[in-house]
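These notes concern the structure reproduced below.
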């Protein structure tokens, strides 16, 4: 189980870094789906190896909600949005350098936790925590509403992976409540973004600041 959980968590972190690196919204959306499917596979793997059947149901619901429903909503939000080039003086390389620092910080912060627990999945806990930290970074550095929404979802994915790895799975009713909350939040965000685009013909953060004066 240790090898499988470490590998899936590592691949999830790699996909998270690719989300930070890519500038194209469709590419970022595909990478988010890939990250969600990897975390669903992580939950399913732990469910099989730890004989936790509830995790298999959690993995299936995660695939439906994060791998299909939410991406379709995000695709509607981003439909017709042009690919924004990197502005002069801004580079995704600098953000990637910051994510590297967050990965190191995740290992340092989680060191007391991993040394105190004795679980087959303890080695993957810092990787999931790093995903959550990178999601927060995406929320802060997002250049439009889509970037902020994506950052929130990446953060939530990281928290899900962290909960699965650190607890061998939360009770199913808790996971169901979390999925429902996230889906409702995304639907509300869709309505807000559509209204902002209708009123101001843009969801770019810099453009909205200019309109605000």
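In my numbering, the protein residues as written are 3 to 215. Every residue gets a Cβ at the ideal spot worked out from N, C-alpha and C, and that includes glycine.
{"Check": "Could you spell out the range, first to last residue, of the alpha helix (DSSP H) harbouring residue 55?", "Outcome": "55 to 66"}
{"Check": "Can you give the Cα-Cα distance for residue 164 and residue 118, rounded to whole angstroms?", "Outcome": "16 angstroms"}
{"Check": "Would you tell me roughly how many angstroms separate the C-alpha atoms of residue 81 and residue 21, rounded to the nearest one?", "Outcome": "18 angstroms"}
{"Check": "Am I right that residue 152 and residue 30 are in contact with their C-beta atoms under 8 angstroms? What's the rounded C-beta distance?", "Outcome": "6 angstroms"}
{"Check": "Which value, in whole angstroms, describes the spacing of the CA atoms of residue 13 and residue 19?", "Outcome": "10 angstroms"}
{"Check": "Got a sec, what are the start and stop residues for the alpha helix (DSSP H) residue 26 sits in?", "Outcome": "Counting along the chain, residue 26 falls outside any alpha helix (DSSP H), and DSSP gives it neither H nor E."}
{"Check": "Quick one: is residue 70 buried, meaning 16 or more other Cβ sit within 10 Å of its Cβ, or exposed?", "Outcome": "exposed"}
{"Check": "Let me check understanding here. Comparing Cα to Cα, which of 113, 123, 47 lies closest to residue 62?", "Outcome": "47"}
{"Check": "From this set, 105, 9, 37, which residue's C-alpha is nearest residue 73's C-alpha?", "Outcome": "37"}
{"Check": "Residue 110: buried (16+ other C-beta within 10 angstroms of its C-beta) or exposed?", "Outcome": "exposed"}
{"Check": "Return the residue from the list 148, 116, 96 that minimises the CA-CA distance to residue 188.", "Outcome": "148"}
{"Check": "For residue 107 and residue 15, what's the separation of their Cα atoms in angstroms?", "Outcome": "14 angstroms"}
{"Check": "Going by CA-CA distance only, name the one from 53, 68, 45 that's closest to residue 32.", "Outcome": "68"}
{"Check": "Buried or exposed: where does residue 123 fall if 16 or more other Cβ atoms within 10 Å of its Cβ makes it buried?", "Outcome": "buried"}
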